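Engineer: Residue numbers for the sequence shown, in this note's numbering: 3 to 311. Note that beta-carbon positions come from the ideal geometry of N, C-alpha and C, so glycine has one too. Bear in mind the structure is a predicted one, so any value in this text is a computation, not a measurement. Take a look at the following structure, please.
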Amino acid sequence: MKLFFTGATGLVGTRLVHFFIQKGYQICLVTRDSKKAQEHFQSISNQDSLKIIQGDVTSRGDWQKKAFDADAVFHLAGANIMAQRWSKTYKEILRQSRIASTRCIAEVAQNVLVCASATGFYGDRGEDELIESSAPGVGFLSSLAQEWEEAAFSSNAQVCCMRLGIVLDPRGGALQKMSPLFKYYMGGAIGSGKQFWPWISWRDLGPIANHIIDERWVGPVNVVSPNQVSCLEFTKALARALNRPSLLNAPCFLIKLLLGESSSVLLSSQRVIPNELLNRGYVFKDLMLDNTIDELLLLESQLISASQG
3 MKLFFTGATG LVGTRLVHFF IQKGYQICLV TRDSKKAQEH FQSISNQDSL
53 KIIQGDVTSR GDWQKKAFDA DAVFHLAGAN IMAQRWSKTY KEILRQSRIA
103 STRCIAEVAQ NVLVCASATG FYGDRGEDEL IESSAPGVGF LSSLAQEWEE
153 AAFSSNAQVC CMRLGIVLDP RGGALQKMSP LFKYYMGGAI GSGKQFWPWI
203 SWRDLGPIAN HIIDERWVGP VNVVSPNQVS CLEFTKALAR ALNRPSLLNA
253 PCFLIKLLLG ESSSVLLSSQ RVIPNELLNR GYVFKDLMLD NTIDELLLLE
303 SQLISASQG
């Protein structure tokens, strides 16, 4: 089976590429920096299964021929939401990196298209339980996710949009950013702490993606754990795992002052239920947040030790 990837060097893309290589799939990925991508994936033993091509997915090009030929396309490209404050210019970068690229992918994907999206689709919804059929929210993130998905669903392929929660991974992402604060006794809840933070373990990404392409799922899928927690519960779990207190809560006004409009990523509440996954009988590898964080921090320390050894 031939798979085509954009955004392959990101957190989710890296996990999926390794997962499908191990399953014996042939993978082609497009990137703006092929040399960097080759270095990123140099640990893959079977390099014959991986082809790296250079191209800009926000515009048409020769790379589209590879996407056209693929049995399934994973479109994961998009500028980092939290890389900087959301100026008018950066908002446009966020839009173009997602919408323009998705349109270019959608016009050539022929079989299965799996497009990244986000639980930000639902906006700030308090304690409402949100399933795939729930209405979208309001605000920039919600509008961005809606446009993103609309561009994907314009394809003639069978399209599935993965509404991803916070991905917990020992190699990067939220844990890597938050852990140092707690290690130095500076960690705590953000805002009221009552907002729900949807999360998913990296170990579930590959199996879920595999189900999507094997069974040709169509429509949105909430890629989150069924055991959702509040920000307060999340930060307490991380503090406990690190044997540190969770005392220095950051008030809303301070977060908004520091981050501007992008503070909505941390302050919005999304109690997202993986209804499609549960209805289809998916068995999660990591269900409980406490256990997941314990295992991830252990893996992180092992990775650090290995790199230093």
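Per DSSP, which one or two residues make a beta bridge with H20?
Structural biologist: Position 18 of the sequence shown holds residue 20. Beta-bridge pairing links H20 to no other residue.
Engineer: To which residues of the same chain is G26 closer than 8 Å at the C-beta, ignoring the five residues directly before and after it?
Structural biologist: Indexing the sequence shown from 1 puts residue 26 at position 24. Around G26: S51.
Engineer: Quick one: using the 10 Å Cβ neighbour count with 16 as the cut-off for buried, is S265 buried or exposed?
Structural biologist: As a first step, residue 265 must be located in the sequence shown, where it is residue number 263. Buried, by the Cβ-count rule.
Engineer: My guess is that Q160 and V75 are in contact by the Cβ rule of under 8 Å, so how many angstroms apart are they, rounded?
Structural biologist: Looking up residue 160 in the sequence shown gives position 158. Looking up residue 75 in the sequence shown gives position 73. With a Cβ gap of about 11 Å, Q160 and V75 do not count as contacting.
Engineer: From G190 to D73, what distance separates their C-alpha atoms?
Structural biologist: As a working mapping, residue 190 is identified with position 188 in the sequence shown. As a working mapping, residue 73 is identified with position 71 in the sequence shown. The alpha-carbon atoms of G190 and D73 are separated by roughly 45 Å.
Engineer: Using DSSP's beta-bridge definition, name the partner residues of V8.
Structural biologist: Indexing the sequence shown from 1 puts residue 8 at position 6. Looking at the sequence itself, residue 8 is Thr, so the reference to Val does not match. Its beta-bridge partners are H77.
Engineer: To the nearest angstrom, report how far apart I168 and V225 are at their CA atoms.
Structural biologist: Your numbering for residue 168 matches position 166 in the sequence shown. Your numbering for residue 225 matches position 223 in the sequence shown. C-alpha separation (whole angstroms): 9 Å.
Engineer: If we count the other Cβ atoms within 10 Å of its Cβ and call it buried at 16 or more, is G222 buried or exposed?
Structural biologist: On the sequence shown, position 220 is the one that residue 222 refers to. Checking the sequence, you will find Pro at residue 222 rather than Gly. P222 is buried by the Cβ-count criterion.
Engineer: Give me, in chain order, the residues of the same chain whose beta-carbon lies closer than 7 Å to that of Q86; leave out the 5 immediate sequence neighbours on both sides.
Structural biologist: Counting from one through the sequence shown, the residue named residue 86 turns up at place 84. Excluding sequence neighbours, Q86 sits near Y92.
Engineer: Note down, in chain order, each residue of its chain lying with its Cβ closer than 6 Å to the Cβ of C238, except the 5 sequence neighbours on either side.
Structural biologist: Locating residue 238 in the sequence shown gives position 236, counting from the first residue. It should be noted that the sequence gives Lys, not Cys, for residue 238. The residues are S248.
Engineer: Go through its chain and collect everything with a Cβ distance to A243's Cβ below 8 Å, but skip five positions before and after it.
Structural biologist: Taking the first residue of the sequence shown as 1, we reach residue 243 at position 241. The answer, listed in chain order, is D292, I295, D296 and L299.
Engineer: State the DSSP-derived secondary structure class of M180, mapped to helix, strand or coil.
Structural biologist: Taking the sequence shown and counting its residues from 1, the one referred to as residue 180 is at position 178. It is helical.
Engineer: Rounded to the nearest angstrom, what separates L268 and K179 at their Cα positions?
Structural biologist: Looking up residue 268 in the sequence shown gives position 266. Looking up residue 179 in the sequence shown gives position 177. Cα-Cα distance, rounded: 13 Å.
Engineer: With a CB to CB cut of under 6 Å and the five nearest residues on each side skipped, what residues in its chain are close to K68?
Structural biologist: If you number the sequence shown from 1, residue 68 lands on position 66. These residues qualify, in order along the chain: F6 and C30.
Engineer: Count the other CB atoms within 10 Å of the CB of V231; is the residue buried (16 or more) or exposed (fewer)?
Structural biologist: Translated into the one-based positions of the sequence shown, residue 231 becomes position 229. That one is buried.
Engineer: Thinking C-beta only, is I202 closer than 7 Å to S181?
Structural biologist: Taking the sequence shown and counting its residues from 1, one reaches residue 181 at position 179. Taking the sequence shown and counting its residues from 1, one reaches residue 202 at position 200. No. Outside cutoff.
Engineer: Which residue from T121, S135, M164 and S103 puts its Cα closest to that of G141?
Structural biologist: On the sequence shown, position 139 is the one that residue 141 refers to. Taking only the C-alpha atoms, the option nearest G141 is T121.
Engineer: Please go through the same chain and pick out, in chain order, the residues whose beta-carbon is closer than 6 Å to the beta-carbon of L21, but skip the five residues on each side of it.
Structural biologist: As a working note, residue 21 is residue 19 in the sequence shown. Just to set this straight, residue 21 is Phe in the shown sequence, not Leu. Around F21: G208.
Engineer: Between N113 and L183, what straight-line distance do the alpha-carbon atoms span, to the nearest angstrom?
Structural biologist: Start at 1 with the first residue of the sequence shown, and residue 113 comes out as number 111. Start at 1 with the first residue of the sequence shown, and residue 183 comes out as number 181. Going from the Cα of N113 to the Cα of L183 covers about 45 Å.
Engineer: Does Y187 pass the burial test, meaning 16 or more other C-beta atoms within 10 Å, or should it be called exposed?
Structural biologist: In the sequence shown, residue 187 corresponds to position 185, counting from 1. The residue in question, Y187, is exposed, as its Cβ has fewer than 16 Cβ neighbours within 10 Å.
Engineer: At 3 residues or longer, what runs of the beta strand (DSSP E) sit wholly inside the segment 24-105?
Structural biologist: Runs of the beta strand (DSSP E) inside the segment 24-105: 28-33, 52-56 and 74-77.
Engineer: Beta-carbon separation of I101 and A153 under 7 Å?
Structural biologist: Position 99 of the sequence shown, counted from the start, is the residue given in the question as residue 101. Position 151 of the sequence shown, counted from the start, is the residue given in the question as residue 153. Closer than 7 Å, so yes.
Engineer: Can you pull the DSSP bridge partners for F198?
Structural biologist: Working through the sequence shown from its first residue, we reach residue 198 at position 196. DSSP, once it has assigned bridges, lists S232 as partnering F198.
Engineer: Once DSSP output is grouped into helix, strand and coil, what is the label at S203?
Structural biologist: The residue given as residue 203 occupies position 201 in the sequence shown. Strand.
Engineer: Looking only at DSSP bridge pairs, what is L250 linked to?
Structural biologist: Locating residue 250 in the sequence shown gives position 248, counting from the first residue. Looking at the DSSP assignment, L250 forms no beta bridge with any residue, so it has no partner.
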